[in-house]
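Report on one structure; see the data block that follows.
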Amino acid sequence: MYPLLSRIAKTARSAGTRTVYTALLLYYAYRRKETPGWAKRTILGALGYLIAPLDALPDLTPVLGYTDDLAVLGTGLAIVAAYINKDVRTQARAKLDAWFPGQQTAEVVEAVDRELD
């Protein structure tokens, strides 16, 4: 799963903080032992779509390129929201801050977390 994390890191700047934070929440939920198999398969599908070279809207398309990725990630997140606990959120926030140093990520994190609650 670590190659996935490095692939997400490479596209982090162009994908935007909301997409990246959502992907990180899914990634860390996947790593939890308590997350059941069906939820892990849902997470893999959503994250796989993010890193797939071909998708509905090419990621190189300005502005719209990652909207389909965010929609798939958001749907996956809604399905497995019960497995996004405080530890998962803490890990995702830490990685987001490491990838976007000095940027204001708190608003994005708060918005996504509100949607989960």
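The sequence shown begins at 1351 in the working numbering and counts up by one.
Yeah, the Cβ is synthetic: ideal placement off N, Cα and C, and Gly gets one too.
What you are looking at is a predicted structure, and each value in this text was computed from that prediction instead of being measured.
If you drop the 5 nearest sequence neighbours on each side, which residues of the same chain put their C-beta closer than 8 angstroms to that of V1430?
For the purposes of this step, residue 1430 is taken as residue 80 along the sequence shown, with counting starting at 1. Within the same chain, V1430 has close Cβ partners L1376, A1379, T1385, A1389, T1392 and I1393.
Whole angstroms is fine: what's the gap from A1373's alpha carbon to K1383's?
Locating residue 1373 in the sequence shown gives position 23, counting from the first residue. Locating residue 1383 in the sequence shown gives position 33, counting from the first residue. In this structure, the CA atom of A1373 is about 18 angstroms from the CA atom of K1383.
Under a three-way DSSP split, which group does K1383 fall into?
What you label residue 1383 is simply residue 33 of the sequence shown in a count that begins at 1. K1383 falls in the coil class under three-state DSSP.
Using only the alpha-carbon positions, how far apart do E1465 and L1446 sit?
Counted from its first residue, the sequence shown places residue 1465 at position 115. Counted from its first residue, the sequence shown places residue 1446 at position 96. So the two alpha carbons sit approximately 18 angstroms from each other.
Which residues mark the beginning and the end of the alpha helix (DSSP H) in which I1429 is found?
Sequence index remark: in the sequence shown, residue 1429 carries index 79 (1-based). Per DSSP, I1429 is one residue of the alpha helix (DSSP H) stretching across T1417 to I1429.
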